[in-house]
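S.K.: Below are the structure tokens for one structure; questions will follow.
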Amino acid sequence: MLDAQSRDFVAMVDCNNFYVSCERVFQPALEGKPVVVLSNNDGCVIARSNEAKALGIAMGEPAFKRKAFFEGNGVRIFSSNYALYGDMSARVMQVLAGFSPEVEVYSIDESFLVFRAMQPDRLVQIAHDIWRTVQKWTGIPVCVGLARTKTLAKIANRLAKKTPASNGVWLLDEAEDIERQLAKIDVGDVWGIGRQYSRFLKASGIDTADKLEQAPRDWVKKHLTIAGLHTVLELGQIPCIAFEDNPPAAKSLVCSRSFGTRISELESLEEALSSYVQRAAEKLRVKKLMAGVVRVFAETSRFHPDPQYTGTGSQTLAAPTSYTPILHAQALRILRRIYRDGFKYQKVGVMFLELVQENNRQLSFIEPSGEERKKQQALMKMLDKANDKFGQRILTLASSGVGRKPWHMRQERKSPRYTTCWAELPMVK
DNA sequence: TCTGGGGTCCTAGGACCC
DNA sequence: TCTGGGGTCCTAGGACCC
43 MLDAQSRDFV AMVDCNNFYV SCERVFQPAL EGKPVVVLSN NDGCVIARSN
93 EAKALGIAMG EPAFKRKAFF EGNGVRIFSS NYALYGDMSA RVMQVLAGFS
143 PEVEVYSIDE SFLVFRAMQP DRLVQIAHDI WRTVQKWTGI PVCVGLARTK
193 TLAKIANRLA KKTPASNGVW LLDEAEDIER QLAKIDVGDV WGIGRQYSRF
243 LKASGIDTAD KLEQAPRDWV KKHLTIAGLH TVLELGQIPC IAFEDNPPAA
293 KSLVCSRSFG TRISELESLE EALSSYVQRA AEKLRVKKLM AGVVRVFAET
343 SRFHPDPQYT GTGSQTLAAP TSYTPILHAQ ALRILRRIYR DGFKYQKVGV
393 MFLELVQENN RQLSFIEPSG EERKKQQALM KMLDKANDKF GQRILTLASS
443 GVGRKPWHMR QERKSPRYTT CWAELPMVK
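Note that the working numbering has the first sequence beginning at 43, numbered continuously upward.
Following this line, the structure appears as structure tokens:
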């Protein structure tokens, strides 16, 4: 835990326009040009270069509505390439690990670093060093926000991003300075205050971060729950949000996709679900986990006027497992149970819950014998190895269908996996 | 035609038990 | 006729994050 009394600081390091920056590392000609990266299915804009932001392109905007605008303004468009971004992220995080023994990787493009018993001047020097080093070694530009709490460090990071003269570093430490800055921050831009809370707070006369910090604590707890109270305390330099060095194991795992076109037939839903289950089971095994519960959902699109339906169903397994055929059979059974005729489905997905470690699970009387389990594990190991070596999906269950399917997602403008797959590099094609 | 995917946490309310 | 109260567990829904 951070100590409010001593001079412990937290640095929030956030990559600038991360996905766009990743694409630019390998195509430097994109520098200075408007660039956007789209979500899965080429659906919405999920990353924008500064030039794209300046053109008024919003986060989360549906790409198809802006097609003409993109063309007219020379906006370069990319489908998302998570293999590339994940690898670049690992490189950035590795550099950061050289600056503090206490690093919390918070998301693909953000980390918190703790610096204990530090003089502010020295801290700012270190932050500039981080800024320079990450850029030089990975090609990714970052900003560094410094403060006594995570929530304030997030705000400091934002200030660094919005203020070119800051050279990528901002320190929030003196109470009066914090007060002054918070007065300029929209309450909805505070970490932990989302759309609903922002609307509610503004209706209650609280429109800036400083007013939130001064709001009565019990009123905040009543309306924004305990998490909201923590946010308010953190704005007042009281650390409440724990620093997670080694994050706890995942509690759930999902694989779902929107379809390229909406589908009605159970058979197509089964094919799609089948491939998601295989993917999810694979993730399970990579993390050395087993699922105790399988949940499946199927839903229509809320953007269409057609009748809406969301079906969900769960099944507790006789014993936790990561064996694809068992998970697959359960998932299909649930799908058939929740399927309703006459709807156009936009999405199906599978969720694994009650995850347990492979090696410390509770023994059950009904689970397969040791022999049987060993056979299953050997088979999955072989499957994962082959898919890893020869590329995704060389070995799959026949039920997930063969060849290009209409429900497959669109990905029309994906860059090569420059750093992780030689077969996709431009020169060997 | 076309609007992402993957997570966590908190709370209220019902079921159930003693 | 009188018709408790407290604890726990589960689930659904809603909020947040990136």
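No residue lacks a Cβ here, since even glycine has one placed at the ideal position from N, Cα and C.
Please read all numbers here as calculations on a predicted model, not as lab measurements.
Mapping DSSP to helix, strand and coil, what is Ser-356?
M.R.: Taking the first residue of the first sequence as 1, we reach residue 356 at position 314. Strand.
S.K.: For Met-160, which of helix, strand or coil comes out of DSSP?
M.R.: Position 118 of the first sequence, counted from the first residue, corresponds to residue 160. Three-state result, Met-160: coil.
S.K.: To the nearest angstrom, how far is it from the Cα of Asn-401 to the Cα of Ala-291?
M.R.: For this step, residue 401 is matched to residue 359 along the first sequence. For this step, residue 291 is matched to residue 249 along the first sequence. Distance between the alpha carbons of Asn-401 and Ala-291: 13 Å.
S.K.: For Val-470, which residues of its own chain have a beta-carbon under 7 Å away from its beta-carbon, when the five flanking residues on both sides are left out?
M.R.: Here residue 470 refers to the residue found at position 428 of the first sequence. At Val-470, the pLDDT of 49 sits below 50, so the modelled position is not reliable; the number obtained from the coordinates is stated separately. So the qualifying residues of the chain are Trp-464.
S.K.: Between the Cα of Phe-242 and those of Ala-217, Ser-343 and Leu-266, spot the shortest distance and give me the residue it belongs to.
M.R.: The count along the first sequence starts at 1 and reaches residue 242 at position 200. Minimum Cα distance to Phe-242 is reached at Leu-266.
S.K.: State the start and end residues of the unbroken beta strand (DSSP E) segment that holds Glu-454.
M.R.: Here residue 454 refers to the residue found at position 412 when the first sequence is read from its first residue. Counting along the chain, Glu-454 falls outside any beta strand (DSSP E), and DSSP gives it neither H nor E.
S.K.: Within 8 Å, do at least three Cβ pairs link the stretch 73-89 to the stretch 193-209?
M.R.: With the cut-off at 8 Å, the stretch 193-209 and the stretch 73-89 do not touch.
S.K.: In whole angstroms, what separates the C-alpha of Ile-235 from that of Lys-264?
M.R.: Indexing the first sequence from 1 puts residue 235 at position 193. Indexing the first sequence from 1 puts residue 264 at position 222. Cα to Cα, the separation comes out at about 15 Å.
S.K.: Looking at Ala-257 and Ile-516, is the spacing between their C-beta atoms short of 8 Å?
M.R.: No information on residue 516 is available, as it lies outside the stretch 43 to 471 that the chain covers here.
S.K.: Which one of Asn-115, Val-184 and Arg-382 has the shortest CA to CA distance from Ser-306?
M.R.: Translated into the one-based positions of the first sequence, residue 306 becomes position 264. Nearest option by C-alpha distance: Arg-382.
S.K.: Taking its Cβ as the centre, do 16 or more other Cβ atoms sit within 10 Å of Ser-48, making it buried, or is it exposed?
M.R.: Numbered from its first residue, the first sequence carries residue 48 at position 6. Ser-48 is exposed by the Cβ-count criterion.
S.K.: Determine the extent of the beta strand (DSSP E) in which Gln-388 is found, giving its start and end residues.
M.R.: Along the first sequence, one-based indexing puts residue 388 at 346. It spans 387-395 - the beta strand (DSSP E) in which Gln-388 sits, taken as one unbroken run.
S.K.: Skipping 5 residues on each side, what residues in its chain have a beta carbon closer than 6 Å to that of Tyr-61?
M.R.: In the first sequence, the residue the question calls residue 61 occupies position 19. Result list for Tyr-61: Val-79, Ala-89 and Tyr-127, in chain order.
S.K.: Helix or strand or just coil, what does DSSP make of Glu-309?
M.R.: The residue given as residue 309 occupies position 267 in the first sequence. The answer is helix: DSSP assigns Glu-309 an H, G or I state.
S.K.: From Arg-190 to Asp-50, what distance separates their C-alpha atoms?
M.R.: On the first sequence, position 148 is the one that residue 190 refers to. On the first sequence, position 8 is the one that residue 50 refers to. Roughly 7 Å between the two C-alpha positions.
S.K.: Taking the beta carbon of Glu-146 as the centre, do at least 16 other beta carbons fall within 10 Å, making it buried, or is it exposed?
M.R.: For the purposes of this step, residue 146 is taken as residue 104 along the first sequence, with counting starting at 1. By the neighbour-count rule (16 or more Cβ atoms within 10 Å), Glu-146 is buried.
S.K.: Could you check the C-alpha separation between Asn-429 and Gly-187 for me, to the nearest Å?
M.R.: Within the first sequence, residue 429 is the residue found at index 387, counting from 1. Within the first sequence, residue 187 is the residue found at index 145, counting from 1. Taking the straight line joining both Cα atoms gives about 41 Å.
S.K.: Going by the CB atoms, is the gap between Thr-273 and Val-232 shorter than 8 Å?
M.R.: Position 190 of the first sequence, counted from the first residue, corresponds to residue 232. Position 231 of the first sequence, counted from the first residue, corresponds to residue 273. Their beta carbons are under 8 Å apart, which means Val-232 touches Thr-273 by this criterion.
S.K.: With a floor of 4 residues, list each alpha helix (DSSP H) that falls wholly inside the stretch 232-303, ordered by position along the chain.
M.R.: Within the stretch 232-303, the complete alpha helix (DSSP H) runs of at least 4 residues are 237-245, 251-256 and 259-277.
S.K.: Less than 8 Å separating the beta-carbons of Val-67 and Gly-181?
M.R.: As a first step, residue 67 must be located in the first sequence, where it is residue number 25. As a first step, residue 181 must be located in the first sequence, where it is residue number 139. Yes, these two residues count as a Cβ contact at 8 Å.
S.K.: Quick check on Trp-464: does DSSP put it in helix, strand or coil?
M.R.: Numbered from 1 along the first sequence, position 422 holds the residue referred to as residue 464. Residue state, collapsed to three classes: helix.
S.K.: Just the C-alpha distance for Leu-165 and Ala-217, rounded to the nearest angstrom, thanks.
M.R.: As a working mapping, residue 165 is identified with position 123 in the first sequence. As a working mapping, residue 217 is identified with position 175 in the first sequence. Computed Cα separation, rounded: 18 Å.
S.K.: I'd like to check one pair, Met-422 with Ser-300: are the Cβ atoms closer than 8 Å?
M.R.: Taking the first residue of the first sequence as 1, we reach residue 300 at position 258. Taking the first residue of the first sequence as 1, we reach residue 422 at position 380. No, these two residues do not count as a Cβ contact at 8 Å.
S.K.: With DSSP as the reference, identify every bridge partner of Asp-228, one or two as the case may be.
M.R.: Taking the first sequence and counting its residues from 1, the one referred to as residue 228 is at position 186. BP columns for Asp-228 point to Thr-250.
S.K.: Per DSSP, what kind of secondary structure is Asp-56 in: helix, strand or coil?
M.R.: Residue mapping note: residue 56 aligns to position 14 of the first sequence, counting from 1. Looking at Asp-56 - three-state DSSP - the assignment turns out to be strand.
S.K.: Could you have a look at Ala-195 and say whether DSSP puts it in helix, strand or coil?
M.R.: As a working note, residue 195 is residue 153 in the first sequence. If DSSP states are grouped into helix, strand and coil, Ala-195 belongs with the helices.
S.K.: Return the first residue and the last residue of the beta strand (DSSP E) that Ile-88 is part of.
M.R.: Counted from its first residue, the first sequence places residue 88 at position 46. Start and end: 87-90.
S.K.: Could you name the residues that DSSP lists as bridge partners for Glu-152?
M.R.: One-based indexing of the first sequence puts residue 152 at position 110. Glu-152 is bridged to Asp-56 and Ser-149.
S.K.: Do Leu-331 and Ser-356 have their C-beta atoms within less than 8 Å of each other?
M.R.: For this step, residue 331 is matched to residue 289 along the first sequence. For this step, residue 356 is matched to residue 314 along the first sequence. No, the pair does not count as a contact, with Cβ atoms beyond the cut-off.
S.K.: In this structure, how does DSSP classify Arg-190 when only helix, strand and coil are distinguished?
M.R.: To locate residue 190, count along the first sequence from 1; it is residue 148. In this structure, Arg-190 counts as coil in the three-state DSSP scheme.
S.K.: Shortest alpha-carbon distance to Phe-154 belongs to which of Leu-138, Lys-226 and Gln-161?
M.R.: Along the first sequence, one-based indexing puts residue 154 at 112. That would be Leu-138, whose Cα lies nearest to the Cα of Phe-154.
S.K.: So for Gln-320, helix, strand or coil by DSSP?
M.R.: Here residue 320 corresponds to residue number 278 of the first sequence, with the count starting at 1. Helix, per DSSP.
S.K.: Under the three-state reduction of DSSP, which class applies to Val-470: helix, strand or coil?
M.R.: For the purposes of this step, residue 470 is taken as the residue at position 428 of the first sequence. Confidence at Val-470 is low in this model, with a pLDDT of 49, below 50, so its placement is unreliable and the value that follows should be read with caution. Helix at Val-470.
S.K.: Any heavy atom of the ligand PLP closer than 7 Å to the beta-carbon of Leu-359?
M.R.: The ligand PLP is not part of this structure, which contains no ligands at all.
S.K.: Would you say Val-156 and Val-52 are within 8 Å of each other, going by their C-beta atoms?
M.R.: Numbered from its first residue, the first sequence carries residue 156 at position 114. Numbered from its first residue, the first sequence carries residue 52 at position 10. The answer is yes: Cβ separation under 8 Å.
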